[in-house]
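Take a look at the structure below.
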Ligand code: AMP
C-alpha cells in the first residue's frame, strides 16, 4: 500500500466504493464521476503507478485485468452495444490517479474523447 494513494485506500477499505467485482488480484468499482451511463474502474490490488512503471512481472496481472474487464462489461449488459476500455498514462492522457486502472465506459454512443 502506498501512502496517500486514493486507490490503495479503496483496496484497503479505508475509502468506500461501489464495488462490482473483487478477487485476490483486482477489484472493480463505479467511477465517482461517471463520464458515461456505465463507468467502472478495474484496478490491481498491487500499487503500480502507471504503464511506465509496469514491467514483465506484471504481464499476467495486466492480462487478468483486461480479461476480467471484458466479463464485467458483459455483466453490465454492454457486450452487444459495445464499450471502451481505456488506460491513461501521464499528463497528455490526463491521468489523475497514479494507481493504474482500466476504465470501462459504455451505455451510450461514445465520442472520440474519454466519454
Ligand atoms: P484517470 O484520469 O484516468 O487517472 O482516472 C481517474 C478516475 O478515478 C477518474 O475518472 C475519477 O473520477 C476516478 N476517481 C477518483 N477518485 C475516485 C473515488 N474515490 N472513487 C471512484 N472513482 C474515483
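Residue numbers (the working numbering): 610 to 724.
Here a beta-carbon is modelled for each residue, glycine too, at the ideal position from N, C-alpha and C.
Here the structure is a predicted model, which is why all the values come from computation and not from measurement.
Which listed residue (the options) has its alpha carbon closest to that of residue i
i           : options               : result
residue 643 : 627, 680 and 670      : 627
residue 629 : 622, 639 and 620      : 639
residue 648 : 701, 686, 667 and 703 : 686
residue 701 : 718, 692, 722 and 714 : 722
residue 714 : 703, 679 and 704      : 679
residue 675 : 624, 720 and 650      : 650
residue 719 : 695, 703 and 704      : 695
Residue i, DSSP secondary structure in three states
i           : result
residue 620 : helix
residue 695 : strand
residue 681 : helix
residue 713 : strand
residue 708 : coil
residue 668 : helix
8 Å Cβ cutoff, residue i in contact with chain C
i           : result
residue 635 : Among the chains of the structure shown, chain C does not appear; only one protein chain is present.
Sheet register partners of residue i (DSSP bridge)
i           : result
residue 720 : DSSP output for residue 720 lists no bridge partner at all.
residue 653 : 635
residue 648 : 714
Cβ pair residue i, residue j closer than 8 Å
i           : j           : result
residue 635 : residue 654 : yes
residue 652 : residue 710 : yes
residue 716 : residue 665 : no
residue 617 : residue 708 : yes
residue 740 : residue 656 : It is not possible to answer for residue 740, since the shown part of the chain is limited to 610 through 724.
residue 671 : residue 663 : yes
Presumed contact (8 Å Cβ cut-off) between residue i and residue j, rounded CB distance
i           : j           : result
residue 659 : residue 699 : 7 Å
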